[in-house]
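A.B. asks: Heads up: the protein sequence lines correspond to chains A and B, in order.
Residue numbering for the first sequence follows the UniProt record's numbering, beginning at 1 and increasing consecutively.
Residue numbering for the second sequence follows the UniProt record's numbering, beginning at 1 and increasing consecutively.
Quick reminder that beta carbons are idealized off the backbone N, C-alpha and C, glycines included.
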Amino acid sequence: MSIAMPVPDSETLAKRARIAQALRAIVPGEGVIDAPEALTPWESDGLTAYRQPPLMVVLPETTAQVSAVLKWCHAEGVKVVPRGAGTSLSGGALPLADAVLLGLGKFKRVLEIDYEDRVAVVQPGVTNLAITQAVEGRGFYYAPDPSSQIACTIGGNVAENSGGVHCLKYGLTTNNVLGVEIVMMDGEIVRLGGRHLDPCGLDLLGVVVGSEGLLGVVTEVTVRILPRPETARAVLVGFPDAEQAGACVAQVIAEGIIPAGMEMMDRPAIHAAEAFVEVGYPLDVGALLIVEVDGPAAECDFLIGEIARIADANGAVTTRVSQNEAERMAFWAGRKAAFPAVGRISPDYLCMDGTIPRRRLPDVLRRMEELSQEYGLRVANVFHAGDGNLHPLILYDANVPGELDKAEAFGADILRLCVAVGGVLTGEHGVGIEKRDLMPEMFSDADLKQQSRVKCAFDPELLLNPGKVFPVLHRCAELGRMHVHHGALPHPDLPRF
Amino acid sequence: MLEPRDAADLAGIVADAAASGRKLELRGGGTKAGFGAPREAEVVSLAGLAGVVDYDPAELVLTVRAGTPLAQVQALVAAEGQMLAFEPWGDPGATIGGTVAAGVAGSRRVTAGSARDHLLGLTAVSGRGEVFVAGAKVVKNVTGYDLPKLMAGSWGRIGAMAELTLKVLPAPREVVTLAARGLEPAAAHAAMAAALGSNAEVSAAAALSDGTVLLRVAGFAPSVAARCAALPGLLSEHCALERLEDAAPLWHRAMTGAGLTGAVRWDVHLPARAAPALIAALPAGAEWAMDWGGGRLWVCCEAEDEAVRQHAAGLGGEARLIAAPEAMRAQVPAFQPRAKGVMALEARVRRAFDPEGVFATGRFAEDADADAVSA
Chain A
1 MSIAMPVPDS
11 ETLAKRARIA
21 QALRAIVPGE
31 GVIDAPEALT
41 PWESDGLTAY
51 RQPPLMVVLP
61 ETTAQVSAVL
71 KWCHAEGVKV
81 VPRGAGTSLS
91 GGALPLADAV
101 LLGLGKFKRV
111 LEIDYEDRVA
121 VVQPGVTNLA
131 ITQAVEGRGF
141 YYAPDPSSQI
151 ACTIGGNVAE
161 NSGGVHCLKY
171 GLTTNNVLGV
181 EIVMMDGEIV
191 RLGGRHLDPC
201 GLDLLGVVVG
211 SEGLLGVVTE
221 VTVRILPRPE
231 TARAVLVGFP
241 DAEQAGACVA
251 QVIAEGIIPA
261 GMEMMDRPAI
271 HAAEAFVEVG
281 YPLDVGALLI
291 VEVDGPAAEC
301 DFLIGEIARI
311 ADANGAVTTR
321 VSQNEAERMA
331 FWAGRKAAFP
341 AVGRISPDYL
351 CMDGTIPRRR
361 LPDVLRRMEE
371 LSQEYGLRVA
381 NVFHAGDGNL
391 HPLILYDANV
401 PGELDKAEAF
411 GADILRLCVA
421 VGGVLTGEHG
431 VGIEKRDLMP
441 EMFSDADLKQ
451 QSRVKCAFDP
461 ELLLNPGKVF
471 PVLHRCAELG
481 RMHVHHGALP
491 HPDLPRF
Chain B
1 MLEPRDAADL
11 AGIVADAAAS
21 GRKLELRGGG
31 TKAGFGAPRE
41 AEVVSLAGLA
51 GVVDYDPAEL
61 VLTVRAGTPL
71 AQVQALVAAE
81 GQMLAFEPWG
91 DPGATIGGTV
101 AAGVAGSRRV
111 TAGSARDHLL
121 GLTAVSGRGE
131 VFVAGAKVVK
141 NVTGYDLPKL
151 MAGSWGRIGA
161 MAELTLKVLP
171 APREVVTLAA
181 RGLEPAAAHA
191 AMAAALGSNA
201 EVSAAAALSD
211 GTVLLRVAGF
221 APSVAARCAA
231 LPGLLSEHCA
241 LERLEDAAPL
251 WHRAMTGAGL
261 TGAVRWDVHL
271 PARAAPALIA
281 ALPAGAEWAM
291 DWGGGRLWVC
301 CEAEDEAVRQ
311 HAAGLGGEAR
321 LIAAPEAMRA
331 QVPAFQPRAK
341 GVMALEARVR
351 RAFDPEGVFA
361 TGRFAEDADA
371 DAVSA
């Protein structure tokens, strides 16, 4: 529990009753929750090691209510934390003691589907999977598929720029969203993007997607939907070690194949998953690849053959091709159950989310094994191998004093390692609070200040989701100052024509 | 013209301009200098910041300096069997930095995304004269705000890119064009929508005013053959399809609007289903070409009025003024104005990068909004 949140503002805490009264005037009925015992279900998101009951919860049903809530909070200097389904793995929706938790769970309607132009307009509380369910009858789907897709909402996906196992081929949320309506902290409603491609002006939509709820509250989303591929097939390939599996992945891509999904599991992850779901994963291998291709049947048949050939050339010891849909699903069942499977062999685990250049995988795995020895904590690895996104699961027991701290320190070392080899702190889970204090590993003070200035353009009082993403909260007035050096030209030797 | 040799030079030039209240126009190859209002600003050429920094085809990542010629980048990746999937195009001399800063994308944009979707990371100099990095050099990253999205298509108004990291993808091994003939705009849009909405994975769809519809099928040979065999059946209600050899000149027309004549040229982005209605509303004598399944409409006409822009707005789209006589460009904004709140937010974001307005040269009408913010 090494990550500190901002000290709660005593003035806000003191006027709690008045805040509840004002919000009830905006969202009548059951829309405001402030009884202390009723706040418990809201005290954490998917990063369950951190818990904090919010000041209160407000659950508006209309954009006008969201706007009025934010406007009132803005005028009163009250902080707001937006929340979708609360599945963030990085603490992006962790409440603050002095902040109103603004839940968008009641925004559940699919507003419009245009099959001809392949777009759907939905409210932010619609789950990721529900979008696909709304359009699958006509042979369409929404491509990004984070593993929490049955629960996570599209509004949260926009905030976090969520990915999934298919994003190497189909992109992240940002590549699949055309427009949003957001409410800014002062209550102003703006629409960014639309139903057309590449709008005029600055790409504000592009910076709102993935802004982790710090720039605005999403109240409507326009997404692109895609025709469902004719077929999908998967190959399960076992290798003696991760190095060979990595070489296989590199060759698949070098030969021009972008699979729909390409997942790697290491030995501990394979064993945990197989013990849990018994899908027939080979237990005598050091690394397992699941490679899925989708598209016309002729393409899948061709690519499966190519991938099997490449796997063979890279020392595969077992290769199984899915013969039917049930078998393809079985191949995935183990991978998709990897997190809960690890949960069965350890009381607790931390899920990390760095991305590395794939060529560094063997070094990173070796160093991670050394760190595992040093910390005395086990680690299992699942890996979106196609795009280099690594999910080490650090196993620990929260009931052993100090073990969570040790696991967090181990995780931080892994992320530092990812950055050191040319990668990043987070590939898809977001910075939230979890990686907040590691941001300086990747960005200089100047880089972070430039990002903070964008925050100031949207929310100059820093009231929306404070304490997340940025390790240091600079006041906007301080960031606006410019230190210029009047007088002599700084580079008198430059050629000037 | 100022000619920095590296990011540090560039930072010095911008800091100097900020300190002395001068305006700077960032320029790559200068091939798009005619876009936007006539203006007077000192030009900073980024052509000297050229060359490949890192390219590992298996990582699908290319890092290159901003002034590197686009043609050179395309040749480099093509030699490895790869491509910039957003299909950038430009006149000879266009640079990769200018292409990305202008948000250029070709016919494949409708399925593969635009420059914004393939710009992974950057090193840039802000209007404060500070070097900063954003994004990263790996294909999957959500660490911090996605500032590369803001920079792509920003026309050099929030910062000067010194170095860009782009996602590259394997180029298709085989590309076939299927064509239909004699389709009116509404029928052309319907045929393209049916193709793009089918699982035959059409990667691009365009239509020309002579009634030709072009569908591009790309990928591995067995897949291309199967999809080309399936498409005539999938589109049987809409049109007959034939295989077209040597389709490149027709694609070039649809992608760039080449061949359209008229003193005034618009690039209209709109919901694809609205394209036929916009065509029907065009002034007499106007010429057009459709790309992106109808989502992009090139329009050329003689009329120096804003009727095209008004029609586009009415249909949920926007019109960029690409080329026009100088007098018109001085009066009519290059970008379609957005809602007031959005324009104000854009102005604040620009000022977040460029507090002194170094890059606000007057090329864009809304440059003045940012002056109002800082005043």
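1) Are at least three pairs of beta-carbons, each pair with one atom in the region 235 to 250 of chain A and one in the region 276 to 292 of chain A, less than 8 Å apart?
2) Would A/I154 and A/P124 be called neighbours here (beta carbons separated by less than 8 Å)?
3) Just to confirm, are B/W266 and B/V217 a CB contact at a threshold of 8 Å?
4) Residues of chain A with CB closer than 8 Å to the CB of B/V133, please, in chain order.
5) Verify the CB distance criterion: does A/F410 have a CB-CB separation below 8 Å to chain D?
6) DSSP has B/R27 in a bridge; who is on the other side?
7) Identify, in the order they occur along the chain, each residue of the same chain with its Cβ nearer than 8 Å to the Cβ of B/G285, setting aside the five sequence neighbours on each side.
8) Could you work out which residues of chain A lie near B/Q72, taking near to mean beta carbons separated by less than 8 Å?
9) From the DSSP output, which residues share a beta bridge with B/S126?
10) Distance check for B/V139 and A/T355, CA to CA, integer angstroms please.
11) Tell me whether B/G98 sits in a helix, a strand or coil according to DSSP, three-state version.
12) Quick check: what's the CA-CA separation for A/V342 versus B/A226?
13) Give me, in chain order, the residues of the same chain whose beta-carbon lies closer than 7 Å to that of A/A20; leave out the 5 immediate sequence neighbours on both sides.
14) Does the Cβ-Cβ distance between B/E87 and B/A105 come in under 8 Å?
15) Could you please give the first and the last residue of the uninterrupted alpha helix (DSSP H) stretch that includes A/P82?
16) To which residues of the same chain is A/H429 closer than 6 Å at the C-beta, ignoring the five residues directly before and after it?
17) Measuring CA to CA, which of A/V81, A/N157, A/E255 is closest to A/S148?
18) For B/Q336, return the contacting residues in chain A, with the cut-off set at a CB-CB distance below 8 Å.
19) In three-state DSSP terms, what is A/D397?
20) For A/H486, count neighbouring Cβ atoms within 10 angstroms of its own Cβ and tell me buried if that reaches 16, exposed if not.
21) Any beta carbon from chain B within less than 8 Å of A/M262's own beta carbon?
22) Which runs of the alpha helix (DSSP H) fall wholly inside the region 295 to 349 of chain B and span at least 4 residues, in chain order?
23) Check the Cβ-Cβ distances between A/R496 and every residue of chain B, and say whether any is below 8 Å.
24) Does the structure place the region 247 to 258 of chain A close enough to the region 185 to 201 of chain B that three or more beta carbon pairs sit under 8 Å?
25) Do you know how far the Cα of B/R173 is from the Cα of B/M83?
26) Answer yes or no: do A/L377 and A/A407 have a C-beta to C-beta separation smaller than 8 Å?
27) Please list, in chain order, the residues of the region 143 to 162 of chain A that have any C-beta partner in chain B closer than 8 Å.
28) What would DSSP say about A/R436, mapped onto helix, strand or coil?
29) Beta carbons nearer than 9 Å to chain A: which residues of the region 164 to 183 of chain B have them?
30) Step through the CB atoms of chain B and report whether any lies within less than 8 Å of the CB of A/S346.
31) Let me know the secondary structure DSSP gives B/W292 once reduced to three states.
32) Given this structure, state the Cα-to-Cα distance separating B/T165 from A/A17, to the nearest angstrom.
33) Taking C-alpha atoms, which residue in A/G480, A/G427, A/T62 lies nearest to B/Y145?
34) Helix, strand or coil for A/Q451, going by three-state DSSP, please let me know.
35) Does the region 266 to 285 of chain B come close enough to the region 116 to 136 of chain A that 3 or more CB-CB pairs lie under 8 Å?
36) Counting pairs of Cβ atoms below 8 Å between the region 434 to 454 of chain A and the region 470 to 477 of chain A, do you hit three or more?
C.D. replies: On the basis of the coordinates in this document:
1) Verdict: yes, contact present.
2) Judged by beta-carbon spacing, A/P124 lies within the 8 Å limit of A/I154, meaning their Cβ atoms are closer than that value.
3) Taking 8 Å as the Cβ cut-off, B/W266 and B/V217 do not qualify as a contacting pair.
4) The contacting residues are F443, S444, D447.
5) In the displayed structure, chain D is absent; the protein chains listed are A and B.
6) Listed as beta-bridge partners of B/R27 by DSSP are B/S45.
7) Answer for B/G285: G262, C301, E302, listed in chain order.
8) Neighbours of B/Q72 on chain A: none; closest Cβ ~22 Å, over 8 Å.
9) In the DSSP output, where bridge partners are listed per residue, B/S126 has B/G159.
10) Roughly 8 Å between the two C-alpha positions.
11) Helix.
12) Between A/V342 and B/A226, the C-alpha separation is close to 43 Å.
13) Scanning its chain for C-beta atoms nearer than 7 Å, with the 5 sequence neighbours on each side dropped, one finds around A/A20 the residues V32, D34, M56, in chain order.
14) Closer than 8 Å, so yes.
15) Segment 79 to 83 is the beta strand (DSSP E) holding A/P82; no alpha helix (DSSP H) there.
16) Excluding positions up to five away in sequence, the list reads L89, S90, D353.
17) Per the Cα distances, A/N157.
18) Within chain A, the residues placing a beta-carbon under 8 Å from that of B/Q336 are C200, ordered along the chain.
19) Here A/D397 sits in coil by DSSP.
20) Annotation note: pLDDT 45 at A/H486 (below 50); position unreliable, no value reported.
21) Not one chain B Cβ lies under 8 Å of A/M262.
22) The qualifying runs are 307 to 314, 326 to 331.
23) With a pLDDT of 40 at A/R496, under the threshold of 50, the modelled position of this residue cannot be trusted; read the value that follows with caution. Yes, A/R496 counts as interfacial toward chain B.
24) Judged by pairs of C-beta atoms under 8 Å, the region 185 to 201 of chain B does not touch the region 247 to 258 of chain A, as fewer than three such pairs exist.
25) B/M83 and B/R173: Cα-Cα distance of roughly 11 Å.
26) Yes, Cβ-Cβ distance for A/L377 and A/A407 is below 8 Å.
27) Listed in sequence order: E160, N161.
28) Assigned with DSSP and collapsed to three states, A/R436 falls in helix.
29) Across the region 164 to 183 of chain B, CB contacts with chain A closer than 9 Å involve L169, P170, A171, P172, R173, in sequence order along the chain.
30) The Cβ of A/S346 sits no closer than 8 Å to any Cβ of chain B.
31) Residue state for B/W292 is assigned as helix, using DSSP reduced to three classes.
32) Each residue's Cα considered, the two are about 51 Å apart.
33) A/G427 is the residue among A/G480, A/G427, A/T62 whose C-alpha sits nearest the C-alpha of B/Y145.
34) When secondary structure is reduced to three states using DSSP, A/Q451 falls in the helix class.
35) The region 116 to 136 of chain A is in contact with the region 266 to 285 of chain B.
36) Yes: the two stretches touch, three or more of their Cβ pairs being nearer than 8 Å.
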